[in-house]
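Chains as they are written, first to last, in the numbering used here: chain A, 1 to 259; chain B, 1 to 259.
Everything below concerns the one structure shown next.
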DNA sequence: CGAGCGTTTGAAATCGGTCAACAGCAGTGG
DNA sequence: CCACTGCTGTTGACCGATTTCAAACGCTCG
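So, in structure tokens, the structure goes:
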């Protein structure tokens with residue numbers, strides 16, 4: 001089950017010119033947000049290599065000393081905690097443009113395992129260099145703070161889900177959250193393929209995989225979604241939002257009184 | 001139920017000399033960790049006022065624009081999320097020396113409500129000034145990053161608890177967590193008074209208050225703790241650690257082979 | 001094509017939730 | 001000082017959502 005870390009790309013020739021934030025399509029979601037072109041050029045130098053991961057490979061593991069934070073370029077990862085008795089909790093699923101490894105900063109060693117759900121690639125950002133550059137570029141510092149804070153907020157919403165919602169509501173919220181994050185990156189957001197198993201979804205949501213499966217079937221039966229294995233099509237967004245206990249933000253505008 | 005924010009101390013005379021980190025006993029847990037005395041002197045200038053809160057007062061509320069982050073001087077707070085339908089999830093309980101308001105950075109407005117559980121006082125740290133000073137003092141920047149990351153880690157452990165542990169284990173973990181945090185601050189850690197109701201503990205742990213009450217009674221009956229209303233005395237730490245599914249760190253040394 | 005997962009579905013069991021009654025204690029006001 | 005009121009906490013009995021156990025199905029990949 002546990003694979004070892006793989007640094008496929010470590011051997012030579014890594015400081016390639018093409019590892020540049022300035023030309024990366026994810027720039028608008030990643031570290032360089034709000035920087036001038038000149039400053040983005042300086043951020044380029046932070047990304048001295050990229051790591052290519054196969055499904056199941058670890059990006060980092062609990063206890064590894066912190067050396068870098070990572071920005072996902074393509075693919076998807078999960079982060080997880082394990083208990084001594086073997087139980088396991090998935091903390092997050094991570095999409096392109098998101099930063100990984102922030103859990104390692106507090107104690108100078110990573111607190112989680114970060115594992116690829118599919119073929120993925122991450123930019124390696126030496127953390128000390130990042131702090132150094134953030135010290136020189138205030139906008140970079142601010143952006144980094146925003147990213148950490150949003151990560152906090154994401155986990156806090158997740159806490160709300162695990163602490164206060166029923167299985168059905170959690171799963172609806174999960175689908176919506178995925179859809180929103182995909183849309184923000186310009187991906188198709190009403191139809192996508194889940195890269196993780198029912199068991200992993202269950203772990204993330206604090207329920208058993210059989211329950212996930214049952215809820216999916218129920219959603220499909222009531223016409224909220226269509227399912228073909230891991231491929232999901234969201235049919236009735238309003239219904240999903242309602243189930244998740246949130247108002248559909250798309251309708252807020254229409255309800256609001258115009259000024 | 002909902003009280004309005006109270007800025008008792010806002011009226012004049014607030015820039016007192018005694019608002020100094022340099023002389024604050026919490027310095028070793030707070031922002032100034034790792035700074036030279038000279039730099040701590042510069043941090044003093046960040047704390048331009050303190051807020052005094054009575055039980056039930058809000059330090060900040062969901063949606064308020066971010067202006068400051070806070071460091072708790074004495075007392076205790078809870079942070080919480082609310083759902084449109086009235087359900088509520090307590091995200092954290094906060095002790096002296098801990099920072100509040102980090103949830104507000106990502107979107108420039110606070111995402112949670114922060115409410116005093118008792119008479120409390122918080123240092124008000126203008127966030128833009130903090131970023132400015134962190135820009136000048138690398139150690140301050142690093143310490144701030146560590147604080148944010150630890151906050152993240154704390155929430156992630158909480159996720160593990162809500163997602164993977166049974167009620168009994170969650171409550172044992174809660175008591176241990178409290179004990180550890182009190183000990184870190186030099187407080188008595190095997191005997192303390194909980195500032196929050198059974199209902200608030202339940203909300204934090206994702207269980208109902210009746211369950212909290214039952215589990216407490218069970219713990220007391222099996223000799224793990226002693227209870228008098230909200231006053232708790234931890235009797236059998238090993239038993240609690242075992243219940244919480246963690247090894248007692250105090251015994252790790254004795255088990256480890258000496259080098 | 002067959003082995004091994006991952007998934008679905010059903011039936012039984014259980015943990016925690018819900019409902020309800022009551023006890024304890026704090027604050028109020030006579 | 002002692003009802004009275006209201007809130008918090010405890011405990012019991014019953015209920016129900018989710019888990020557990022089990023069986024069968026169907027991808028996927030070697």
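Using N, Cα and C, we set each Cβ at its ideal position, and we do this for glycine too.
Give the straight-line distance between the Cα atoms of residue i and residue j, rounded to the nearest whole angstrom.
| i | j | result |
| --- | --- | --- |
| residue 116 of chain B | residue 72 of chain B | 10 Å |
| residue 187 of chain B | residue 195 of chain B | 15 Å |
| residue 146 of chain A | residue 55 of chain A | 30 Å |
| residue 111 of chain A | residue 90 of chain A | 13 Å |
| residue 79 of chain B | residue 250 of chain A | 28 Å |
| residue 143 of chain B | residue 33 of chain B | 7 Å |
| residue 101 of chain A | residue 29 of chain B | 23 Å |
| residue 82 of chain B | residue 61 of chain B | 11 Å |
| residue 221 of chain B | residue 131 of chain A | 52 Å |
| residue 218 of chain A | residue 169 of chain B | 31 Å |
| residue 103 of chain A | residue 152 of chain A | 10 Å |
| residue 57 of chain A | residue 197 of chain B | 45 Å |
| residue 120 of chain A | residue 47 of chain B | 45 Å |
| residue 106 of chain A | residue 150 of chain B | 5 Å |
| residue 75 of chain B | residue 51 of chain B | 12 Å |
| residue 70 of chain A | residue 156 of chain B | 18 Å |
| residue 59 of chain A | residue 53 of chain A | 7 Å |
| residue 287 of chain A | residue 118 of chain A | Since the first residue shown for chain A is 1 and the last is 259, residue 287 of chain A is missing from the structure and cannot be characterised. |
| residue 238 of chain B | residue 77 of chain B | 29 Å |
| residue 24 of chain B | residue 41 of chain B | 12 Å |
| residue 84 of chain A | residue 84 of chain B | 38 Å |
Can you give me the Cβ contacts of residue i inside the same chain, cut-off strictly under 7 Å, excluding the 5 residues immediately before and after it?
| i | result |
| --- | --- |
| residue 109 of chain B | 63, 64, 65, 66 |
| residue 311 of chain A | This structure leaves residue 311 of chain A out entirely; chain A is present only between 1 and 259. |
| residue 134 of chain B | 140, 141, 144 |
| residue 148 of chain B | 102 |
| residue 215 of chain A | 167, 168, 171 |
| residue 223 of chain A | 235, 236 |
Which stretch, first to last residue, makes up the alpha helix (DSSP H) that contains residue i?
| i | result |
| --- | --- |
| residue 177 of chain B | 167-184 |
| residue 43 of chain A | 37-44 |
| residue 139 of chain B | 138-164 |
| residue 243 of chain B | 237-243 |
| residue 209 of chain A | 209-221 |
Quick one: what's got a C-beta closer than 8 Å to residue i's C-beta in the same chain, skipping five residues either side?
| i | result |
| --- | --- |
| residue 154 of chain B | 92 |
| residue 232 of chain A | 175, 191, 192, 193, 194, 225, 226 |
| residue 201 of chain B | 171, 174, 194, 209, 212 |
| residue 181 of chain B | 95 |
| residue 247 of chain A | 241 |
| residue 35 of chain B | 43, 137, 139, 140, 143 |
| residue 1 of chain A | Per-residue confidence for residue 1 of chain A stands at a pLDDT of 35, beneath the threshold of 50, marking its modelled position as unreliable; the derived number appears in the next sentence. Here the set comprises nothing. |
With residue i as the anchor, note down where its beta strand (DSSP E) starts and where it stops.
| i | result |
| --- | --- |
| residue 68 of chain A | 68-74 |
Among all the DSSP beta bridges, which residues are the ones paired with residue i?
| i | result |
| --- | --- |
| residue 190 of chain B | Beta-bridge pairing links residue 190 of chain B to no other residue. |
| residue 88 of chain B | B:82 |
| residue 123 of chain B | B:50, B:71 |
| residue 196 of chain A | BP columns for residue 196 of chain A are empty, so no partner. |
| residue 231 of chain A | A:193, A:228 |
| residue 94 of chain B | B:77 |
| residue 99 of chain B | B:71 |
| residue 65 of chain A | A:109 |
Taking 6 Å as the limit between beta carbons, can you name the residues of its chain near residue i, skipping five residues before and five after?
| i | result |
| --- | --- |
| residue 207 of chain A | 167 |
| residue 137 of chain A | 39 |
| residue 199 of chain B | 209 |
| residue 68 of chain B | 124, 125, 126, 127 |
| residue 129 of chain A | 46 |
Out of the options, which has the shortest C-alpha to C-alpha gap to residue i?
| i | options | result |
| --- | --- | --- |
| residue 21 of chain B | B:124, B:85, B:75 | B:124 |
| residue 178 of chain A | A:148, A:131, A:105, A:244 | A:244 |
| residue 184 of chain B | B:98, B:152, B:44, B:160 | B:98 |
| residue 189 of chain A | A:197, A:236, A:152 | A:236 |
| residue 113 of chain A | A:88, A:134, A:158, A:120 | A:88 |
| residue 205 of chain A | A:234, A:162, A:86, A:214 | A:162 |
| residue 203 of chain B | A:223, A:129, A:234, A:165 | A:165 |
| residue 26 of chain A | A:85, A:122, A:53, A:239 | A:122 |
| residue 160 of chain B | A:223, A:118, A:86 | A:86 |
Please find out if some non-hydrogen atom of the ligand PLP comes closer than 7 Å to the beta-carbon of residue i.
| i | result |
| --- | --- |
| residue 37 of chain B | The model on display carries no ligand, and the ligand PLP is accordingly not part of it. |
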